[in-house]
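Asker: In our numbering, the protein residues as written are 525 to 713.
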Ligand code: NI
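1. Does the segment 535-552 come into contact with the segment 658-676, if we say contact requires no fewer than three beta-carbon pairs (one atom in each stretch) closer than 8 Å?
2. Using a Cβ-Cβ cutoff of less than 6 Å, which residues in the same chain neighbour residue 693 once the five nearest sequence positions on both sides are dropped?
3. Determine the burial state of residue 545: buried for a count of at least 16 other Cβ atoms within 10 Å of its Cβ, exposed for fewer.
4. With H, G and I counted as helix, E and B as strand and the rest as coil, what does DSSP make of residue 552?
5. Can you give me the C-alpha to C-alpha distance between residue 627 and residue 563, rounded to a whole angstrom?
6. Which runs of the alpha helix (DSSP H) spanning at least 4 residues fall entirely within the segment 593-671, listed in chain order?
7. Can you look up residue 581 in the DSSP assignment and give me helix, strand or coil?
8. Can you tell me which of the three DSSP states residue 546 falls into?
9. Residue range of the beta strand (DSSP E) that residue 570 falls in?
10. Under 8 Å Cβ to Cβ from residue 658, same chain only, skipping five residues before and after it: list those, please.
11. Using CA atoms only, rank isn't needed, just tell me which of 684, 634 and 648 is closest to residue 654.
12. Taking just the CA atoms, how far does residue 624 sit from residue 565?
13. Measuring alpha carbon to alpha carbon, tell me which residue in 649, 675, 622 and 664 is nearest residue 697.
14. Give the straight-line distance between the Cα atoms of residue 682 and residue 597, rounded to the nearest whole angstrom.
15. Measure the C-alpha to C-alpha separation of residue 586 and residue 570 and round it to an integer number of angstroms.
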């Protein structure tokens, strides 16, 4: 089932999410819904807060990232813990399904080591680098209430201010289902 993606400005996106009980009822349905939602929106990652759940869960699938040609990255990360980040910082042009129409170069470290449960409840520890690490870092931030627009310079953020306001108001062209915080408060959606 496709679930509307919360837009920039929704307070749920700013919360620190909590760990999931691995026997949470409907966890598998939630994960399936997240894949349906991400695929429909053409994303390469989606975190549970983006569909209104402050749970420590995100998914990835970067086959859609044509330029990078990343296969076999269809994954579910439950209760992930970043154990280590290292290497040179590098810029990558990030976007976010909750912030349509905006992309910015963000600087992060090359490599990471992460511990997480997969959708079968198996505890894994893995190492990632490059674009895969980048997607994980972006999604991990969502679980801590951090958006990539929180990581840009104050000057750049000022330049984006009206665009960001328009997103939260729903004044943005987007091809997938979203829920806009201001419209939702008014009871319009
Ligand atoms: Ni995002």
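The C-beta atom is built at its ideal place from N, Cα and C for all residues, glycine as well.
In this text, all values refer to a predicted model and were calculated from it rather than measured experimentally.
Answerer: Inspection of the coordinates gives the following:
1. Counting C-beta pairs closer than 8 Å gives three or more between the segment 535-552 and the segment 658-676, which meets the contact rule.
2. Here the question's residue 693 lines up with position 169 in the chain shown. Result list for residue 693: 706, in chain order.
3. Here residue 545 is taken as the residue at index 21 of the chain shown, counted from 1. The residue is exposed, with fewer than 16 neighbouring Cβ atoms inside 10 Å.
4. As a first step, residue 552 is located in the chain shown; it is residue number 28 there, counting from the start. Taken through DSSP and simplified to helix, strand or coil, residue 552 comes out as helix.
5. In the chain shown, counting from the first residue as 1, residue 627 sits at position 103. In the chain shown, counting from the first residue as 1, residue 563 sits at position 39. When rounded, the distance between both Cα atoms is 19 Å.
6. The alpha helix (DSSP H) runs lying completely inside the segment 593-671 and spanning 4 residues or more are 654-667, given in chain order.
7. Position 57 of the chain shown holds residue 581. Here residue 581 sits in strand by DSSP.
8. Position 22 of the chain shown, counting from 1, holds the residue named residue 546. In this structure, residue 546 counts as coil in the three-state DSSP scheme.
9. In the chain shown, residue 570 corresponds to position 46, counting from 1. Boundaries of the beta strand (DSSP E) around residue 570: 569-571.
10. Numbered from its first residue, the chain shown carries residue 658 at position 134. Excluding the 5 residues flanking it on each side, residue 658 has same chain C-beta neighbours closer than 8 Å at 616, 618 and 632, in chain order.
11. The count along the chain shown starts at 1 and reaches residue 654 at position 130. Considering only alpha carbons, the answer is 634.
12. Your numbering for residue 565 matches position 41 in the chain shown. Your numbering for residue 624 matches position 100 in the chain shown. So the alpha carbons of these two residues sit roughly 10 Å apart.
13. Counting from 1 along the chain shown, the entry for residue 697 is found at position 173. The shortest Cα separation from residue 697 among 649, 675, 622 and 664 belongs to 622.
14. Reading the chain shown from its first residue, position 158 is the one you call residue 682. Reading the chain shown from its first residue, position 73 is the one you call residue 597. Residue 682 and residue 597: Cα-Cα distance of roughly 35 Å.
15. Within the chain shown, the letter at position 62 stands for residue 586. Within the chain shown, the letter at position 46 stands for residue 570. Taking the straight line joining both Cα atoms gives about 11 Å.
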